[in-house]
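Report on the following structure.
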Amino acid sequence: MEGPQSARKHIPVLATESIAQLQIRSDSVCIDCTLGEGGHSRLILEQLGPNGRLIAIDRDAEARASATAYLREVKTEASWEVVAGTFGKLAEICRERDIVAADVIFADIGISSRQVDEAERGFSYLQDGPLDMRMNRSGTNADERTAETLVNELGERELADIIRRYGEERYAASIARRIVTERRQKRIRGTLQLLEIIRSAVPAAECRKGNPARRTFQALRIAVNRELQELEDLLDAVPELLADRGRCGIISYHSLEDRLIKQRMRAWQKPCTCPSDFPVCVCGLLPLGKVVSGSGIEPSAAEVKRNPRARSARLRVFERIVGDA
Ligand SMILES: C[S@@+](CC[C@H](N)C(=O)[O-])C[C@H]1O[C@@H](n2cnc3c(N)ncnc32)[C@H](O)[C@@H]1O
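My numbering numbers the first residue of the sequence shown as 5 and each following residue consecutively.
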């Protein structure tokens, strides 16, 4: 028999740091854009009183079901709702709920441990499974394009481009070439089948440095789930939605995402486009607030030891200030 949800071993990444940085009040309106296993949402909910509100979004039906049960265990008078959707549609999700300003917008982007660990989701190159990689794979709104579709149907150049751009893989061209050669013989359906193809396309010395499929799998996952576009859309929505003194905290796990977040937060802090030798600003673009996390907050050595998957995490936080930032 399964024990209570709280008995599950789930460690949210940068948990203490996130809660400290988000400055949640008991009456805050909070949005967790990536509910996942409910780790951060639960910590947020525990801070809220009767006038507080939590909206927790995830595109993965299994995550929503499991996290809902986990959140139900919290004794709270705050209102909370689990929403099926993507955070790229945050403005719409808020509009539908008459939320004009949120005090906290939080996201812990990427995939969850559950998604990686379940072989049939196809995210892992360590276990055999179908090349799926969709976060949203059930119900009538399920995404249609899987990793199998991309690997078997894209042209060689487009495939190489995805692997290079989203995986920062230097052997992208030769991996794409080998994929195209192999798929002429036999459709590529499985994770380990793809791993072997990648292995045969990169120099042996590269395979000794670590799993040669890591970057290609990351690239395919990002492409299947349109992850960078989702992040761009979220970042477009944040300034309008964040309340005065509200905070936006985003945890990311690779440099592509972190770079986007860093650049946007810096631009919100210093939007002025005037040349540096202009004596006064003429563009009229005023700061929207300030970055409060310096160069980003990383997990402690103790956290990485406890949870090695946290090792590449970086939290960046922005505070909206209406008026003189
Ligand atoms: C790293 S996990 C979040 C873990 C969560 N913070 C916790 O402590 O349990 C990321 C979650 O975000 C979801 N996700 C990723 N991109 C999304 C998007 N664009 N819209 C909605 N959910 C998304 C994934 O399905 C996954 O469940």
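Even glycine gets a Cβ: it sits at the ideal position worked out from N, Cα and C.
Between the CA atoms of residue j and residue i - distance to the nearest angstrom
i, j, result
"residue 6", "residue 74", "Annotation note: pLDDT 40 at residue 6 (below 50); position unreliable, coordinate value reported separately. The alpha-carbon atoms of residue 6 and residue 74 are separated by roughly 13 Å."
"residue 96", "residue 185", "44 Å"
"residue 17", "residue 188", "42 Å"
"residue 140", "residue 55", "32 Å"
"residue 254", "residue 112", "6 Å"
"residue 338", "residue 150", "Since the first residue shown for the chain is 5 and the last is 329, residue 338 is missing from the structure and cannot be characterised."
"residue 136", "residue 220", "14 Å"
"residue 23", "residue 291", "25 Å"
"residue 274", "residue 287", "12 Å"
"residue 278", "residue 77", "53 Å"
"residue 11", "residue 68", "Interpretation of residue 11 is limited by its pLDDT of 47, a score under 50 that renders its predicted location unreliable; no figure is taken from the coordinates."
Limits of the unbroken alpha helix (DSSP H) element including residue i
i, result
"residue 221", "218-228"
"residue 64", "Premise fails: residue 64 is in no alpha helix (DSSP H) and is neither H nor E."
"residue 205", "195-205"
"residue 260", "259-273"
"residue 182", "176-189"
"residue 211", "208-213"
"residue 47", "43-51"
"residue 170", "160-171"
"residue 97", "94-100"
"residue 118", "117-121"
Endpoints, the beta strand (DSSP E) within which residue i is located
i, result
"residue 106", "106-112"
"residue 293", "293-295"
Assigned secondary structure, residue i (DSSP; H/G/I helix, E/B strand, else coil)
i, result
"residue 243", "helix"
"residue 317", "coil"
"residue 58", "strand"
"residue 155", "helix"
"residue 312", "helix"
"residue 33", "strand"
"residue 85", "strand"
"residue 252", "strand"
"residue 323", "strand"
"residue 23", "helix"
Residue nearest to residue i in terms of C-alpha spacing, selected from the options
i, options, result
"residue 199", "263, 131 and 27", "131"
"residue 33", "143, 251 and 149", "251"
"residue 324", "248, 160 and 211", "248"
"residue 246", "279, 45, 110 and 40", "110"
"residue 322", "271, 305, 312 and 316", "271"
"residue 48", "311, 82 and 274", "82"
"residue 153", "212, 134 and 296", "134"
"residue 222", "307, 233 and 168", "168"
"residue 41", "71, 15, 52 and 62", "71"
"residue 147", "308, 36, 227 and 301", "227"
"residue 39", "26, 115, 21 and 104", "115"
Chain C contact for residue i (CB, 7 Å cutoff)
i, result
"residue 197", "Here chain C cannot be found, since the structure has a single protein chain."
heavy atom of ligand 3 below 6 Å from residue i C-beta
i, result
"residue 245", "Only ligand 1 can be found as ligands here, which leaves ligand 3 out of the picture."
Ligand 1 site residues, beta-carbon cut 5 Å against heavy atoms: 16, 38, 40, 41, 43, 44, 62, 63, 64, 67, 90, 91, 112, 114, 116, 139 and 234
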